[in-house]
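Visitor: Questions regarding the structure given below will be posed in turn.
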Amino acid sequence: SLNWRGLINEYRHFLPVAPDVEVVTLGEGATPLIYAPVLSGMTNASVYLKFEGANPTGSFKDRGMTMAITKAKEAGSKAVVCASTGNTSASAAAYAAKADMSCLVLIPAGYIALGKLAQALIYGAKVIQIKGNFDRALEIVRELGETKAITVVNSINPFRIEGQKTGAFEVIDQLGFAPDYHFIPVGNAGNITAYWRGYKEYEKAGLSHSLPKMIGVQAAGAAPIVLGHPVLEPNTIATAIRIGNPASWEQALAARDESGGDIFAATDEEILAAYRLLASRESIFCEPASAASVAGLLKSKVPAGARVVCVLTGNGLKDPDTAISQIQVPTALDATIEAISEAVGI
Ligand code: F0G
12 SLNWRGLINE YRHFLPVAPD VEVVTLGEGA TPLIYAPVLS GMTNASVYLK FEGANPTGSF
72 KDRGMTMAIT KAKEAGSKAV VCASTGNTSA SAAAYAAKAD MSCLVLIPAG YIALGKLAQA
132 LIYGAKVIQI KGNFDRALEI VRELGETKAI TVVNSINPFR IEGQKTGAFE VIDQLGFAPD
192 YHFIPVGNAG NITAYWRGYK EYEKAGLSHS LPKMIGVQAA GAAPIVLGHP VLEPNTIATA
252 IRIGNPASWE QALAARDESG GDIFAATDEE ILAAYRLLAS RESIFCEPAS AASVAGLLKS
312 KVPAGARVVC VLTGNGLKDP DTAISQIQVP TALDATIEAI SEAVGI
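Residues 12 to 357 in UniProt numbering are what the sequence shown spells out, letter by letter.
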């Protein structure tokens, strides 16, 4: 409907927000679920893409942040803090500004996509770059949350997961049923935890009659859950999921095992191939980490006719450097019909 009021108001009976509480919202949620004919043909399945890049700050983090900031505001908190590979910081900065709260973000210096850094700054957060990776930043943030008057809005904040579970509600509301397979990138492992909770809650409420197999995809250079141990120096072009010690590790394993799913890795080459294919064949420009879900689909075997959802977690515009690295930037020609005709061969 055109009068979508943000996901808390739309799904309030599934969320721990009392009727009288004022909601901090930017109208997040209601993102498109797009049928993907090319991927469907390639896999002999029915593939749908949940494009979370259409959220107000360009990623799925807005689902969790509307909840985390609404609850922080309700509790009288004046300041929030997060560690981030970029998207959480952009979302926290935006929702904190909306709630008139201050926002501190810790990011790994040199490993944040340009658009995300620009967002955190322009929304007015205090941005600290650390000489350390995301895992170290999260350790510091946990300690700040315990020792200072500041609310942590990473996905260790339980309200984040509550908000993000609405992604599963929307998939079911849009499809009319739960998919057979749900592919999702895994970094800190909050989102796989949240989707699994959402699918289970909708089934319990009688709003769907089956549960998907949850298939998590990590980047090969940052695949602690696949390897079974933390990775001290994670590395991948998909900087959003450059994480070596995920906070929701146990919950991710539970989602995998309870659903009969899997968690495996895709290489940077596979991720970039999926990233280019999504843009050029399905007309969806997502960021590299998001393409991990599709890279995972393309290297796994789903049964013929399976109904598959891949979550595309963030917008491609977040990371212009990676996009430009994948294409040939055209050189400037003389501004004449002749020069252009010659260059394109018409
Ligand atoms: N995709 C994108 C675009 C992300 O930004 C993230 C996480 C993930 C996937 C993985 O989700 O952590 O719940 O498993 N980004 C966090 C951040 C870590 O700081 O923005 P997850």
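All C-beta atoms, glycine included, are put in the ideal place defined by N, C-alpha and C.
Could you please give the first and the last residue of the uninterrupted alpha helix (DSSP H) stretch that includes S301?
Guide: Against the sequence shown, residue 301 aligns to sequence position 290. Residues P299 to L309.
Visitor: Roughly how many angstroms separate the alpha carbons of V355 and V340, rounded to a whole number?
Guide: Here residue 355 is taken as the residue at index 344 of the sequence shown, counted from 1. Here residue 340 is taken as the residue at index 329 of the sequence shown, counted from 1. Approximately 15 Å, taken between the alpha carbons.
Visitor: Is DSSP giving R23 helix, strand or coil here?
Guide: Locating residue 23 in the sequence shown gives position 12, counting from the first residue. DSSP places R23 in helix when its eight states are reduced to three.
Visitor: For A105, report the span of its alpha helix (DSSP H) as first-last.
Guide: In the sequence shown, residue 105 corresponds to position 94, counting from 1. Looking at the DSSP string, the run of the alpha helix (DSSP H) that includes A105 is N98 to K109.
Visitor: With hydrogens ignored, establish whether the beta-carbon of residue 7 is closer than 7 Å to any heavy atom of the ligand F0G.
Guide: No answer is possible for residue 7: the residues shown for the chain start at 12 and end at 357.
Visitor: Just tell me which of A131, G87 and P119 has its CA closest to the CA of A108.
Guide: Start at 1 with the first residue of the sequence shown, and residue 108 comes out as number 97. Taking only the C-alpha atoms, the option nearest A108 is A131.
Visitor: Rounded to a whole number of angstroms, what is the C-alpha to C-alpha distance between L222 and S352?
Guide: On the sequence shown, position 211 is the one that residue 222 refers to. On the sequence shown, position 341 is the one that residue 352 refers to. C-alpha separation (whole angstroms): 55 Å.
Visitor: Less than 7 Å between the CB of S95 and some heavy atom of the ligand F0G, yes or no?
Guide: For the purposes of this step, residue 95 is taken as residue 84 along the sequence shown, with counting starting at 1. Yes - the ligand F0G has a heavy atom lying nearer than 7 Å to the Cβ of S95.
Visitor: By Cβ distance below 6 Å, which residues in the same chain neighbour G75 in space, the five residues on each side in sequence not counted?
Guide: If you number the sequence shown from 1, residue 75 lands on position 64. So the list reads R171, G174 and Q175, once near-sequence residues are dropped.
Visitor: Is the beta carbon of E63 less than 8 Å from the beta carbon of T42?
Guide: In the sequence shown, residue 63 corresponds to position 52, counting from 1. In the sequence shown, residue 42 corresponds to position 31, counting from 1. Yes, they are a contact pair.
Visitor: Can you tell me whether C235 is helix, strand or coil according to DSSP?
Guide: Position 224 of the sequence shown holds residue 235. For clarity, residue 235 is Pro in the given sequence; the question names Cys instead. Three-state DSSP puts P235 in a helix.
Visitor: Determine, using beta-carbon pairs with one atom in the stretch 210-219 and one in the stretch 252-265, whether at least three such pairs fall under 8 Å.
Guide: The answer is no - the stretch 252-265 does not touch the stretch 210-219, with fewer than three Cβ pairs under 8 Å.
Visitor: Going by CA-CA distance only, name the one from S166, P119, P48 and K82 that's closest to R147.
Guide: Numbered from its first residue, the sequence shown carries residue 147 at position 136. Per the Cα distances, P119.
Visitor: Do the CB positions of N326 and S70 come within less than 8 Å of each other?
Guide: Along the sequence shown, one-based indexing puts residue 326 at 315. Along the sequence shown, one-based indexing puts residue 70 at 59. Cβ atoms of N326 and S70: closer than 8 Å.
Visitor: Could you say which of T77, G121 and E154 lies nearest to T68 if we only look at CA atoms?
Guide: Start at 1 with the first residue of the sequence shown, and residue 68 comes out as number 57. When only C-alpha atoms are compared, the closest one is T77.
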